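Residue numbers for the sequence shown follow the numbering used here, so the first one is 2 and each next one is one higher.
No residue lacks a Cβ here, since even glycine has one placed at the ideal position from N, Cα and C.
Note that the structure is predicted; figures quoted are calculated from it, not measured.
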Amino acid sequence: MNLIAPSILSADFSCLRKEIEMIERGGADIIHIDVMDGHFVPNLTIGPVVVSSIRKITKMPFDCHLMIDEPDKYFKRFLDIGIQYISMHVELEGKVEKCMEITRRYDTKFGLAINPETSVAKLVPYLSFVDFVLVMTVHPGFGGQKFIEEASFKIAKLRDMGYEGIIEVDGGINKENVSKVRKMGADIIVSGHFVFGNNVERAIKALR
């Protein structure tokens, strides 16, 4: 699997439709949507209303990464929109089972995201159930951060542990480091600043 998922956190929200059409023409596979609540991470972004609005303008798969304290309260609202991937953070381990159970009612892949400072051991109890793991290579909450190479080693560790599911990686990915995470076993590359801060088509080809 070799998929590119531009993160619209780095898009120009004053012309979001145009930005989405641009990445679609540029060859992107998935739209990555960062949902932040100002509690789990120190920033606020978009919610179900905006996601529902952009669902009307594209048929591209949506990948919603929920960086929120109470994902179980919002999972159904996002899933009802019609999204293809949804993830919450393994650090909220007490809510994992409930969110997983909600997702089973839908044709949507369920994933667990893991922060740079969190041990892969936190994922072990869930690896036989999740569809994908999202390895964060920056501290979540803001776009445009520098790639944390040490965090990327979790990709190789997961593969060494025998995990055969989808691995997504997000945070500071660009043409200089993308080959490293690919070789370690990443399937889905999330990139915001590098894609939207350059010629979109060329940036996506470079990541590919």
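My assumption, with CB atoms under 8 Å, is that residue 32 sits in contact with residue 6. Please give the rounded CB distance.
7 Å between Cβ atoms; contact.
So residue 155 and residue 173 are supposed to be a Cβ contact under 8 Å. How far apart are they, rounded?
About 15 Å; that fails the 8 Å criterion.
Beta carbon of residue 67, beta carbon of residue 101: below 9 Å?
No, these two residues do not count as a Cβ contact at 9 Å.
Check this for me: beta carbons of residue 136 and residue 115, under 9 Å apart or not?
Contact: yes.
Quick one: grab the DSSP three-state call for residue 112.
In the structure shown, residue 112 sits in a strand (DSSP, three-state: E or B).
Drop a sphere of 10 angstroms on the beta-carbon of residue 182, count the other beta-carbons inside from all chains shown, and report buried for 16 or more, exposed for fewer.
With 16 or more Cβ atoms within 10 Å of its Cβ, residue 182 is classed as buried.
How would you call residue 95, buried or exposed, if buried means at least 16 neighbouring beta carbons within 10 angstroms?
Under this definition residue 95 is an exposed residue.
Using the three-state DSSP reduction, which class does residue 154 fall into: helix, strand or coil?
Three-state DSSP puts residue 154 in a helix.
Considering only their Cβ atoms, is the gap separating residue 189 from residue 35 smaller than 9 Å?
Cβ distance not < 9 Å, so residue 35 and residue 189 don't count as in contact.
Between residue 20 and residue 12, what straight-line distance do the alpha-carbon atoms span, to the nearest angstrom?
Looking at the two C-alpha atoms, the distance is approximately 6 Å.
Based on DSSP bridge pairs, tell me the residues matched to residue 86.
The partner list for residue 86 (beta bridge, DSSP) reads 64 and 110.
Please name the residue in 59, 76, 123 and 62 whose C-alpha comes closest to that of residue 49.
For the residues 59, 76, 123 and 62, the minimum Cα distance to residue 49 belongs to 76.
Could you please give me the residues that DSSP links to residue 24 through a beta bridge?
None, per the DSSP bridge assignment.
Leaving out five residues before and five after residue 158 in sequence, what residues of the same chain have Cβ atoms less than 7 Å from its Cβ?
Closer than 7 Å at Cβ, skipping near neighbours: 121.
Around the C-beta of residue 112, are 16 or more other C-beta atoms found within 10 angstroms, so that it is buried, or is it exposed?
Counting Cβ neighbours within 10 Å, residue 112 comes out buried, since at least 16 surround it.
If you compare alpha carbons, which of 87, 92 and 56 is closest to residue 70?
Ranking the options by Cα distance to residue 70, first place goes to 92.
I'd like the span of the beta strand (DSSP E) that includes residue 194, first residue to last.
Residue 194 -> not in any beta strand (DSSP E); alpha helix (DSSP H) instead, spanning 194-197.
What are the boundary residues of the alpha helix (DSSP H) that includes residue 256?
Absent from the model: residue 256. The displayed extent of the chain is 2 to 209, so no value can be given.
For residue 149, name the three-state secondary structure that DSSP assigns.
Coil.
Relative to the C-alpha of residue 204, which candidate in 126, 25, 17 and 56 has its C-alpha closest?
Nearest of 126, 25, 17 and 56 to residue 204, Cα basis: 25.
Look at the Cβ atom of residue 1, then the Cβ atom of residue 202, and state whether they are nearer than 9 Å.
Because the chain here runs from 2 to 209, residue 1 falls outside it and cannot be looked at.
Mind checking which residues open and close the beta strand (DSSP E) that includes residue 10?
Residue 10 -> no beta strand (DSSP E), and no H or E assigned at all.
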